[in-house]
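Last residue of the sequence shown? That's 289 in the working numbering, and every number before it is there in order.
Virtual Cβ for every residue (Gly too), placed ideally from N, Cα, C.
Take a look at the structure below.
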Amino acid sequence: MSGLLRSEWLKVTSTRMWWVLFLVALGLTALSVIPAILLSGTADEFSLENPSMMRQLWAGIASASVIALILGIIAVTGEFRHQTITDSFLTQPRRTAFVTAKAGVQAVWGAILAIVVGGFGILLAIVLLPTQPHSPIDAGHVAGVYGAAILLFALYAVLGVAVGALIRSQVIALVVALLWVMLMEPLIVTFLPAVGKWLPGGGASAFLQSSPDLLPLWAGALLLLGYTMVFSAIAIRTTLQRDIT
45 MSGLLRSEWL KVTSTRMWWV LFLVALGLTA LSVIPAILLS GTADEFSLEN
95 PSMMRQLWAG IASASVIALI LGIIAVTGEF RHQTITDSFL TQPRRTAFVT
145 AKAGVQAVWG AILAIVVGGF GILLAIVLLP TQPHSPIDAG HVAGVYGAAI
195 LLFALYAVLG VAVGALIRSQ VIALVVALLW VMLMEPLIVT FLPAVGKWLP
245 GGGASAFLQS SPDLLPLWAG ALLLLGYTMV FSAIAIRTTL QRDIT
C-alpha cells in the first residue's frame, strides 16, 4: 500500500492541471471575499454590521471547495482518459485498495488546498475589513470555520474520487458534478430547503455554520462521509469491475 500511495502522490505533484486548479481556487476565494466586503456599504442587506453577514463572509473562505471535488474526479477519470488505468490495476489488482489510495492522497491534497486558500481568504478579509463598518471579528468562529474548511475540502476531494470512479468519462463526470453543484442543488435548496440540507451541499454548509437552520457540524461530516462511501461502494462493485482493456 505504501508504494501505491507514493505512486498516487507522484501523479498529483507531476500534473500541471493540479497547479492550474490551485490558482483557480485562489481566484474563486478572492471573488467571494472581496465583493462581500466592498458591497457592505452599498445597502443594509449587505452590511457587515449584521453578524449573519459576517458569518457569510467567513464561510466564503471555503467557496472553492468545488475545486477539491474536481481534483478528486480528475484523479480517477484521468487514468481512464490517458489509458493508464490498466497499468494501475496490474500493479494493484484490488479495486478497493486502488480507490482507498486515491482517496487518501486526494484527501491530503484537499486539506493542503484548504489551508492555503482558506488562509488567503482570511488574510484578504483582515486587510479589507477596516475599509467598512462591521460587527466584531470573532476569532474563535473564524478559527472554527478555517478548521472546518480543511476537513470539508478533504472530504470533497474524497467524494470526487468516488464520483470519478463511478462515472469513468472525465467530461461527463465533470459536467454532471458542476451542474449539480452550481444549478440543481441550489434549486433544490431554494425550493425544498428541508430536503436540501440533507444533500451533499447541505453537509458542506453545515461545516461552515453560515446559517442557523443547518445540520450540526458532526452531522454534516457524517452526511458527506455517507455519500462518499455509497458512491465508492457502487463504483467498486460496478464500474471498476468492468473490462478496462
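Query: Ser249 lies in the alpha helix (DSSP H); which residues open and close that run?; Result: Pro244 to Leu252
Query: Please name the residue in Leu267, Ile159, Leu48 and Ser76 whose C-alpha comes closest to that of Ile194.; Result: Ile159
Query: Is the beta carbon of Thr140 sitting closer than 9 Å to the one on Arg212?; Result: no
Query: Which residue from Pro244, Asp257 and Met273 puts its Cα closest to that of Gly264?; Result: Pro244
Query: Would DSSP call Ala108 helix, strand or coil?; Result: coil
Query: Can you look up Lys241 in the DSSP assignment and give me helix, strand or coil?; Result: coil
Query: Taking 7 Å as the limit between beta carbons, can you name the residues of its chain near Lys146, skipping five residues before and five after?; Result: Glu52, Ala119, Val120 and Val205
Query: Would you mind stating whether Ala221 and Ile117 have Cβ atoms separated by less than 9 Å?; Result: yes
Query: Would you kindly work out how many angstroms separate the C-alpha atoms of Trp242 and Leu267, rounded to a whole number?; Result: 7 Å
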